[in-house]
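Novice: Numbering (the working numbering), first residue to last: 202 to 432. One structure, pasted below without further comment.
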């Protein structure tokens with residue numbers, strides 16, 4: 202609420218809104234101002250209220266779903282919802298804290314997101330696909346899934362969301378470094394039946410350099426790397 206109230210105070214300080222606007226929602230204050238001055242969208246003095254900023258719970262994929270009609274009219278209204286339920290959100294749900302529903306309120310759109318590994322706007326249906334995909338992972342593995350997407354070397358699945366089964370095929374775990382991963386691969390394959398004396402002469406650095414072209418590494422949030430087999 203702090204950011205919303207500061208917007209109202211800035212408008213009052215600038216002489217745009219009267220002190221009587223204190224305590225009103227930004228949408229209500231903007232609507233009152235525009236109506237009192239017979240202003241229409243596109244007019245120089247038409248006042249547009251900000252989209253409310255909330256901090257979604259950590260690690261919960263969420264989307265801010267708004268009404269496109271009111272957004273295009275300069276009076277954005279909407280709410281944060283869990284992404285997994287986005288396709289069940291109705292027009293009335295996004296108008297709970299703003300202007301009333303009109304006959305023009307037909308289309309909803311996700312204009313912001315949190316804890317989803319994309320910066321793209323999307324439809325509520327697409328957001329629900331993301332929510333369901335991310336819900337398949339425990340928190341620690343979800344970090345790796347998101348890192349895989351940010352790395353860019355992933356297989357696209359349904360509705361442009363990464364193929365979850367493909368992730369399981371390519372994910373090779375968390376490692377302190379790629380050198381540690383390479384060492385583990387060498388020990389479990391090439392050097393598995395080699396005596397410890399001969400293994401001392403194995404060039405692990407050269408092997409890691411050759412192996413690296415077949416894998417992608419992405420820095421993990423708490424240190425180390427996630428390793429993925431390239432498609």
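Don't be surprised by glycine CBs; every beta carbon is placed ideally from N, CA and C.
1. Quick check on residue 298: buried or exposed, where buried means 16 or more other Cβ atoms within 10 Å of its Cβ?
2. Kindly identify the DSSP beta-bridge partner or partners of residue 264.
3. Would you call the segment 293-309 in contact with the segment 233-249, where contact means no fewer than 3 C-beta pairs closer than 8 Å?
4. Is the beta carbon of residue 290 less than 9 Å from the beta carbon of residue 282?
5. Sorry if obvious, but does the Cβ on residue 379 come closer than 8 Å to a heavy atom of the ligand SAH?
6. Output the distance between the C-alpha atoms of residue 278 and residue 260, rounded to the nearest integer angstrom.
7. I need the straight-line Cα distance from residue 257 to residue 280, nearest angstrom please.
8. Taking C-beta to C-beta, are residue 287 and residue 221 nearer than 9 Å?
9. Give me whichever residues DSSP pairs with residue 430 in a beta bridge.
Specialist: On the basis of the coordinates in this document:
1. Residue environment: residue 298 is assigned as exposed (fewer than 16 neighbouring CB atoms within 10 Å of its CB, all protein chains considered).
2. Residue pairing by DSSP places residue 264 opposite 282, 314 in a beta bridge.
3. Touching, no, given that fewer than three Cβ pairs across the two stretches are closer than 8 Å.
4. Their beta carbons are under 9 Å apart, which means residue 290 touches residue 282 by this criterion.
5. Only the bare structure without any ligand can be found here, which leaves the ligand SAH out of the picture.
6. In this structure, the alpha-carbon of residue 278 lies about 24 Å from that of residue 260.
7. For residue 257, the predicted model reports a pLDDT of 49, less than 50, meaning its position is unreliable; a value from the coordinates is still stated below. Cα to Cα, the separation comes out at about 11 Å.
8. Going by C-beta atoms, residue 287 is not nearer than 9 Å to residue 221.
9. For residue 430, which the question treats as bridged, DSSP gives the partners 416.
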